[in-house]
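Following: one structure in C-alpha cells, then a few remarks.
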Amino acid sequence: MLTELIYKVFVKAISPILHRPMIIGAFNYTPFEEIFRKAMDFVWNNRLEGDYLEFGVYQGKSFAAAFRFAKLFGLKSMKFYAFDSFQGLPKISGVDAEGFQHYHESELSCGLAEFKKNICGRGVDPRRVVIIPGWYNKVLNEETKKKLQIKKAAIIMVDCDLYASTISVLNFITDYLQAGTIIMFHDWFSYRADPNRGEQKAFREWLKKNPSITVTEYNRFGPEGNSFIVTHISE
Ligand SMILES: C[S@@+](CC[C@H](N)C(=O)[O-])C[C@H]1O[C@@H](n2cnc3c(N)ncnc32)[C@H](O)[C@@H]1O
C-alpha cells in the first residue's frame, strides 16, 4: 500500500515535467497488465476520446487493470463498460462445439456481486463503471445501445472465448468505432491457432461484412492474445 502511494505521488509530481507519465510506470505492472499500459499510452498519446468496453469480464482482473492504467494516464473522461452473463459461458454449439475443445458450458462463472466486490477491491471507481449483465445474443442490440451513452470506443477488449459470442460482440461494437480504436482479442490463438475457429474466424467474417473498416495489427500479448487498431472507418 505504502509503495503504491509513494509511486502515485511520485508519478503525479513528475509527470508534468516529463509529459510522459508512463516512463515511471514501466516498473509496476505484471506481464498480463502490460497490454493495458501500452493501450492507454496509445490513447493518451493520440489524444483519443472514447470509452473502454470489455466483453467477458469474469472476476474483473483485466477490467481493473484497464481502469488502473487509464487513471495513471489521466484519462478522466473515459467510462468503463462491463458486458458479461455473470453465469459463465453459454451452451457451446455450432463451430464452437466441433473438434478440439477448450471450453464448457457455465465455465468461467463469476456472479455480479462478486465482480463488483472484486473491482472495488482493486481500486476501480464504481461511478465510472456501467455493467450490462446478460447473454450477448439477448442484450447486444439496438435497445441496449439506446440506453447506454457510449459515443465512441477508445479500447475494446474481447475476452469471451467463443466464435458465437465474438460475432455478437463485433456486430454490436461497429457503431462505436473510430480511427484509433484498439480492439484486443484475448483468445486470438485459441483452438490451436486455427484461423477457422473462435475470434479469428469471427473477426475475419466481420471485416468482410464491413468493408468500410480497415485495421492494422498492433500488439500480440500473453499466450493467445492479439490486438488491432482501426485505421479507417467510413461514416
Ligand atoms: C475468460 S473469461 C474473461 C476473463 C477476464 N477478461 C479477465 O481477464 O479477468 C470469459 C467471460 O466471458 C463471458 N462470456 C462468454 N460468452 C458470453 C456470452 N455469449 N454472453 C455473456 N457472457 C459471455 C463469461 O461469462 C466469462 O465471464
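Be aware that the sequence shown starts at 151, since it is given in my numbering, and climbs by one per residue.
Ideal Cβ positions, reconstructed from N, Cα and C, are used throughout, including at glycine.
State yes or no: is the C-beta of Val207 nearer than 7 angstroms to some heavy atom of ligand 1?
One-based indexing of the sequence shown puts residue 207 at position 57. Yes, ligand 1 has a heavy atom inside 7 angstroms of this Cβ.
Could you tell me the distance, in whole angstroms, from the CA atom of Ile383 to the CA atom of Asp325?
On the sequence shown, residue 383 is found 233 positions in, with the first residue counted as 1. On the sequence shown, residue 325 is found 175 positions in, with the first residue counted as 1. For Ile383 and Asp325, the distance between alpha carbons rounds to 10 angstroms.
Helix, strand or coil: which one does DSSP assign to Pro345?
Sequence index remark: in the sequence shown, residue 345 carries index 195 (1-based). In this structure, Pro345 counts as coil in the three-state DSSP scheme.
Exposure of Ser235, with buried meaning 16 or more beta-carbon neighbours within 10 Å
One-based indexing of the sequence shown puts residue 235 at position 85. Buried.
So, is Arg347 buried or exposed, given that buried needs 16 or more other C-beta atoms within 10 angstroms?
Within the sequence shown, the letter at position 197 stands for residue 347. Classification for Arg347: buried.
What residue from Phe322, Glu257 and Gly261 has the CA that sits closest to Glu293's CA?
Within the sequence shown, numbered from 1, the residue matching residue 293 stands at position 143. That would be Phe322, whose Cα lies nearest to the Cα of Glu293.
Any heavy atom of ligand 1 closer than 7 angstroms to the Cβ of Pro373?
Residue mapping note: residue 373 aligns to position 223 of the sequence shown, counting from 1. Checking every heavy atom of ligand 1 against the Cβ of Pro373, none is found closer than 7 angstroms.
Are there any heavy atoms of ligand 1 lying less than 7 angstroms away from the beta-carbon of Leu327, as far as the coordinates show?
For the purposes of this step, residue 327 is taken as residue 177 along the sequence shown, with counting starting at 1. Result no, Cβ not under 7 angstroms from ligand 1.
Helix, strand or coil: which one does DSSP assign to Ala329?
Here residue 329 refers to the residue found at position 179 of the sequence shown. Ala329 falls in the coil class under three-state DSSP.
Where the alpha helix (DSSP H) containing Phe217 begins and where it ends:
Along the sequence shown, read from residue 1 onward, the residue named residue 217 stands at position 67. Run containing Phe217: Lys211 to Leu222, per the alpha helix (DSSP H) assignment.
Just checking my contact of Ala387 with Gly200 at CB under 8 angstroms: how many whole Å lie between their CB atoms?
Here the chain has residues from 151 to 385 only, and residue 387 is not among them.
Expressed to the nearest angstrom, what Euclidean distance is found between the alpha-carbon atoms of Glu385 and Ala215?
In the sequence shown, counting from the first residue as 1, residue 385 sits at position 235. In the sequence shown, counting from the first residue as 1, residue 215 sits at position 65. In a straight line, the C-alpha of Glu385 is about 32 angstroms away from that of Ala215.
Identity of the residues DSSP links to Phe303 by a beta bridge
Along the sequence shown, read from residue 1 onward, the residue named residue 303 stands at position 153. First, the amino acid is wrong: residue 303 is Ala here, not Phe. BP columns for Ala303 point to Asp201.
Taking a contact to mean a Cβ-Cβ separation below 8 angstroms, would you say Asp337 touches Glu374 in this structure?
Numbered from 1 along the sequence shown, position 187 holds the residue referred to as residue 337. Numbered from 1 along the sequence shown, position 224 holds the residue referred to as residue 374. Their beta carbons are under 8 angstroms apart, which means Asp337 touches Glu374 by this criterion.
Got a sec: does ligand 1 put a non-hydrogen atom nearer than 7 angstroms to the Cβ of Pro249?
As a first step, residue 249 must be located in the sequence shown, where it is residue number 99. According to the sequence displayed, residue 249 carries Gly and not Pro. The answer is no for Gly249.
Rounded to the nearest angstrom, what separates Val136 and Leu298 at their Cα positions?
Given that the chain is displayed from residue 151 to residue 385, the structure contains no residue 136 and the question cannot be resolved.
Do the CB positions of Lys220 and Met190 come within less than 8 angstroms of each other?
Along the sequence shown, one-based indexing puts residue 220 at 70. Along the sequence shown, one-based indexing puts residue 190 at 40. Rather than Lys, the amino acid found at residue 220 in this sequence is Ala. Yes, they are a contact pair.
Less than 7 angstroms between the CB of His254 and some heavy atom of ligand 1, yes or no?
Translated into the one-based positions of the sequence shown, residue 254 becomes position 104. No, the beta carbon of His254 sits no closer than 7 angstroms to any heavy atom of ligand 1.
Leu320 and Val380: beta carbons closer than 8 angstroms?
Walking along the sequence shown from the start, residue 320 turns up at place 170. Walking along the sequence shown from the start, residue 380 turns up at place 230. No, the pair does not count as a contact, with Cβ atoms beyond the cut-off.
Is Tyr286 close to ligand 1? I mean its beta-carbon at under 7 angstroms from any heavy atom of the ligand.
Position 136 of the sequence shown, counted from the first residue, corresponds to residue 286. Yes, Cβ of Tyr286 sits closer than 7 angstroms to a heavy atom of ligand 1.
Assign Ile281 to one of three DSSP states: helix, strand, or coil.
As a first step, residue 281 must be located in the sequence shown, where it is residue number 131. Looking at Ile281 - three-state DSSP - the assignment turns out to be strand.
May I ask whether a heavy atom of ligand 1 can be found less than 7 angstroms away from the beta carbon of Pro181?
Locating residue 181 in the sequence shown gives position 31, where the first residue counts as 1. Pro181 Cβ: outside cutoff for every heavy atom of ligand 1.
Can you tell me which of the three DSSP states Phe192 falls into?
One-based indexing of the sequence shown puts residue 192 at position 42. Here Phe192 sits in helix by DSSP.
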